[in-house]
Amino acid sequence: NDPLAVFDGSVIPKGYKGLPTLIYTGVHYLPISWSKPYIKGSEVQTLAYSEDNGVTWIKLDIEPVIPGPPEGFNVTGFRDPWVFQAPQFAKLLNDTPETWYLSVSSGIRQVGPRLLLYRQNTSDFTSWEFLGPSVSAPVNTTFSAGNFSGNDGSNYETSNTLFLDENGENLEDGVNFVTMGAESGRETHSFHYSLWKMGRFVRSSVNESVILEDHATGVIDWGIGYACTTMPDYKTNRRLAFCWSNDDFNSTISEQVGYRIGSSGVYSIPREVYYKEIPGVVADDLAAENGYWSVATEYLNTTLAKDGVALAKANGNDTVILATLGCKPAREILGFRKHANQSWTESDFDVDVKSIKSNCSGVEFTKEEGVTRAFIPFQQSPHSRHWELQATVDIPESSLRNEEYEDFAAGFNLLHSSASAPSNYSVDDAAMLYRPSNETFMITREVALGRDNVNTDPEMGKLRLWNISSTNTESKQSYAIQSLNIRAFMDGSFFEVYVNDVLTISTHLYYWYKDSTRMGFYLQFPDTLANSTLDTGVKFSNISVWEGVPNVFPKRPTKPAELIDNGVGFVQPPNNPNVPLTYDGVGAPPLPPAENLPYGIDLSTVE
Numbered sequence: 001n002d003p004l005a006v007f008d009g010s011v012i013p014k015g016y017k018g019l020p021t022l023i024y025t026g027v028h029y030l031p032i033s034w035s036k037p038y039i040k041g042s043e044v045q046t047l048a049y050s051e052d053n054g055v056t057w058i059k060l061d062i063e064p065v066i067p068g069p070p071e072g073f074n075v076t077g078f079r080d081p082w083v084f085q086a087p088q089f090a091k092l093l094n095d096t097p098e099t100w101y102l103s104v105s106s107g108i109r110q111v112g113p114r115l116l117l118y119r120q121n122t123s124d125f126t127s128w129e130f131l132g133p134s135v136s137a138p139v140n141t142t143f144s145a146g147n148f149s150g151n152d153g154s155n156y157e158t159s160n161t162l163f164l165d166e167n168g169e170n171l172e173d174g175v176n177f178v179t180m181g182a183e184s185g186r187e188t189h190s191f192h193y194s195l196w197k198m199g200r201f202v203r204s205s206v207n208e209s210v211i212l213e214d215h216a217t218g219v220i221d222w223g224i225g226y227a228c229t230t231m232p233d234y235k236t237n238r239r240l241a242f243c244w245s246n247d248d249f250n251s252t253i254s255e256q257v258g259y260r261i262g263s264s265g266v267y268s269i270p271r272e273v274y275y276k277e278i279p280g281v282v283a284d285d286l287a288a289e290n291g292y293w294s295v296a297t298e299y300l301n302t303t304l305a306k307d308g309v310a311l312a313k314a315n316g317n318d319t320v321i322l323a324t325l326g327c328k329p330a331r332e333i334l335g336f337r338k339h340a341n342q343s344w345t346e347s348d349f350d351v352d353v354k355s356i357k358s359n360c361s362g363v364e365f366t367k368e369e370g371v372t373r374a375f376i377p378f379q380q381s382p383h384s385r386h387w388e389l390q391a392t393v394d395i396p397e398s399s400l401r402n403e404e405y406e407d408f409a410a411g412f413n414l415l416h417s418s419a420s421a422p423s424n425y426s427v428d429d430a431a432m433l434y435r436p437s438n439e440t441f442m443i444t445r446e447v448a449l450g451r452d453n454v455n456t457d458p459e460m461g462k463l464r465l466w467n468i469s470s471t472n473t474e475s476k477q478s479y480a481i482q483s484l485n486i487r488a489f490m491d492g493s494f495f496e497v498y499v500n501d502v503l504t505i506s507t508h509l510y511y512w513y514k515d516s517t518r519m520g521f522y523l524q525f526p527d528t529l530a531n532s533t534l535d536t537g538v539k540f541s542n543i544s545v546w547e548g549v550p551n552v553f554p555k556r557p558t559k560p561a562e563l564i565d566n567g568v569g570f571v572q573p574p575n576n577p578n579v580p581l582t583y584d585g586v587g588a589p590p591l592p593p594a595e596n597l598p599y600g601i602d603l604s605t606v607e
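For the sequence shown, full-length UniProt numbering begins at 1 and goes up steadily by one.
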C-alpha cells in the first residue's frame, strides 16, 4: 500500500488487536501537488501495528482502510490522517464517547481546502465511514483584512483537531481548535502557511458531519516552520507541538548540499499549545477586527471578535477578554538553563533617537537610504551560537499604526561581525526587531554568504500590542500598551523566537565569520525622526542570556572529516561526486566570492 513513499500519519494507542496502531498515507504516484491534476489512487490511507511498543511496525496485508477520496471529489490532495477521540463530536453525532474519528487533509480543486471527517466503522479500525468536511474555506482566502491570519490556500496538510483549555488538552470541555498546513496562498516559503483555527464545531446542516464555525485564524509559525503536528503528554494533559523546518539554502545549491550531508531539515523545540486569554483589552475597533483573536464570552466559550465587542458594549463594559492559541517553549526547556556553560544578565537600558549618540558608548552606526541602524553592544556576548535570550521591550504607544514612524524599529542584534573586520568586507548581521508602524515582528538576515548561497529575505509576522486596562488598589483605572516579552533560541544556524506566547518565528541564520557572535541592542530610525518631537523612547529590561545547550548526540564525532562519513552525523554516499567541503564542523554551502572572503583566511587550508 505504500510502494513509492510514506507521508504523515497518527497513532491509536490501543487499536488493531489492542496494539499501537498507525494509520498513515501510502503513496502510489508522484509528483503530487496542489498545482497539478490529481492522479486517482495517488494517496491511500493504510494501517500498520506494533507488537513491541512502536520499535517496529507490521503492515497489515489488507486493502487500504481508506482507498481514496470520496466519490465525485476532484481533490488537490488526500493525505495525513489524524485519528482522535472527541466526546464533543460524539454528543453532536449521537455516537458513544469511545468512538474514534479520523480527518484527512485535502482540498477541492478551484473550490478551496477541506478537512474530510471519517468515523470508525469497525472495532479493528480497518474500515472508516466518510461523514463530510469538518473544516471548509474558499480558495486562497484570509480571515483577517490586516494579514494577521495568513491565507487558507487551496489544500490543507498535516491537520490536527484539538480541544484545549488554559493548561492544555481538555477533550470534554475544551475550546475547539484545528491546526493545518495551507498550500498555495503565499508567495514565499514554498507557498506554505502554518495555520490554526479556533471556534465551535456544530452539526452540519447538509451532511452527517460536524463543521467548524471559525471565530479566529492565526499562524502557528510565521517562518519556515511547517507540517506542525502535536502529541499528548498524558501525565500533564498538555499538547506538545513540533514543527519541521527545511534548510534555507538557495535553490541552486540546496540539492547538492542535501545530497552531500545526507540529511535535510530540523525539528523545532517542543512547544506547548493551549487556550490563552488576554484580559482587560480595551473594547475598541481594533479588538473588533477579525484576526488571530476572538472574544471570550464565558469560561471556555468564544465568539467572533466583532460580536464579542458589541456584546461587551451593550452590557456597559469597556473591556473584553480576548482568546487565542497560546504557544510557548515546553517547560522542560527551562531545564537547559542549569546546564549552560555560562549565563549573565544585561542592565536595563533606555534609549531614544536623540540621546543615542551622546548617551551610549561603543555604538556602531550604518546608514542606507535615509535610515540609520544602530548597534549598541551588550557588555558581554556569547562565544558560540548555542544560547537562549530572554528580554522585555517597551515601545512608545504613539508609534503603533502611525505612518510618521515608518522605518522606526527596535529589538536585538543576534549575530554581529567583529568590530575589527575591514570595512570593505561583507559582514554577518542578523537582528530581530519590532516595527510598530505596521505591527510587524521581523528577523533580518544580512549575512556574508549572500543570497546567491542562502536565503537572506527577512522573516515577518504580524503582532498586535493591545491597550490593556488595569485598576490599582485605590480603584483608579489606567491603560498601558503590552510589552514585547521575548524568548529566543539559537542552535547552530537554527533560530526560534517566541513573543508574548502568541507569535512564533523560526528560521535559519547562516553565518560565515566564526566571530559573528556579538549581541546587542538594535534601534532603527529614519532621518525624519532624528529631529522630530515624536516620542522615540524604547525601554529594554529583564535581559538574560544562557549560553550552551546539552549535546543530544553525544556519540557524534566533532572532527569534520569523521562527521561526513558517520551514520549519526552527516552521511556521505559511496562514490559521492561532490568534493567534501567542511566549514566550522558542519557541511556548508560553497565559499563566497573571493572579494567577500573573511579576513585572515588562508584559501589553501580550505578543503
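For every residue, glycine included, the Cβ atom is placed at its ideal position computed from N, Cα and C.
Same chain only: Cβ atoms within 6 angstroms of residue i, ignoring 5 sequence neighbours per side
i	result
residue 337	546
residue 429	416, 446
residue 541	348, 392
residue 464	439
residue 8	80, 158
residue 378	346, 519, 520
residue 444	431, 458
residue 279	321
Inter-residue spacing [alpha-carbon to alpha-carbon] between residue i and residue j
i	j	result
residue 538	residue 366	19 angstroms
residue 389	residue 494	14 angstroms
residue 570	residue 342	In this prediction, residue 570 scores a pLDDT of 36, lower than 50, which makes its location untrustworthy; no coordinate-derived value is stated.
residue 481	residue 281	10 angstroms
residue 300	residue 213	15 angstroms
residue 23	residue 5	14 angstroms
residue 271	residue 171	19 angstroms
residue 56	residue 42	25 angstroms
residue 567	residue 35	Bear in mind that a pLDDT of 41 at residue 567, under 50, signals an unreliable position, so the model cannot answer this.
residue 195	residue 158	10 angstroms
residue 374	residue 489	23 angstroms
residue 3	residue 29	9 angstroms
residue 164	residue 274	6 angstroms
residue 191	residue 149	15 angstroms
residue 381	residue 496	18 angstroms
residue 95	residue 137	26 angstroms
residue 230	residue 501	17 angstroms
residue 269	residue 228	12 angstroms
For residue i, the nearest candidate out of the options (CA to CA)
i	options	result
residue 461	467, 507, 41	507
residue 344	312, 383, 374, 68	383
residue 427	456, 206, 181	456
residue 141	132, 148, 153, 131	153
residue 48	89, 107, 25, 87	25
residue 89	201, 269, 287	201
residue 206	148, 132, 63, 138	132
residue 156	144, 86, 355, 135	135
residue 208	101, 184, 283	101
residue 355	150, 535, 109, 117	535
residue 188	222, 231, 485, 412	222
residue 167	234, 211, 181, 229	234
residue 59	46, 70, 68, 513	46
residue 106	32, 124, 162, 119	32
residue 18	65, 125, 109, 73	125
Cross-strand partners of residue i (DSSP beta bridge)
i	result
residue 16	None, per the DSSP bridge assignment.
residue 366	373
residue 444	431
residue 324	276
residue 269	DSSP output for residue 269 lists no bridge partner at all.
residue 182	156, 193
residue 168	165
Nonlocal neighbours in the same chain, by C-beta distance under 7 angstroms from residue i, ignoring five residues either side
i	result
residue 302	175, 198, 215, 294, 295, 296, 323
residue 20	11, 13, 49, 50, 53, 54
residue 594	Low confidence applies here, because residue 594 scores a pLDDT of 41, under 50, leaving its location unreliable and the question unanswered by this model.
Beta-carbon contacts of residue i that lie in its chain and below 8 angstroms, excluding the five residues immediately before and after
i	result
residue 248	224, 454, 455, 507, 508, 510
residue 331	272
residue 145	289, 290
Proximity test, residue i beta-carbon vs the ligand PLP heavy atom, cut-off 7 angstroms
i	result
residue 446	The ligand PLP is not among the ligands present in this structure, which contains no ligands whatsoever.
**OP:** Could you say if the region 106 to 116 and the region 65 to 82 meet the contact criterion of at least three C-beta pairs nearer than 8 angstroms?
**Re:** With a cut-off of 8 angstroms on Cβ pairs, the region 106 to 116 is in contact with the region 65 to 82, counting three or more such pairs.
Subject >> the region 302 to 320 / the region 346 to 365 touching (three or more Cβ pairs under 8 angstroms) >> reply: Contact annotation: the region 302 to 320 does not touch the region 346 to 365, with fewer than three C-beta pairs closer than 8 angstroms.
**OP:** May I ask you to verify whether the region 396 to 409 touches the region 435 to 452, counting CB pairs closer than 8 angstroms and requiring at least 3?
**Re:** Touching, yes.
**OP:** Kindly confirm or deny that the region 515 to 525 and the region 235 to 244 touch, where touching means at least three C-beta pairs closer than 8 angstroms.
**Re:** By the C-beta criterion, the region 515 to 525 is judged not to be in contact with the region 235 to 244, since fewer than 3 inter-stretch pairs fall below 8 angstroms.
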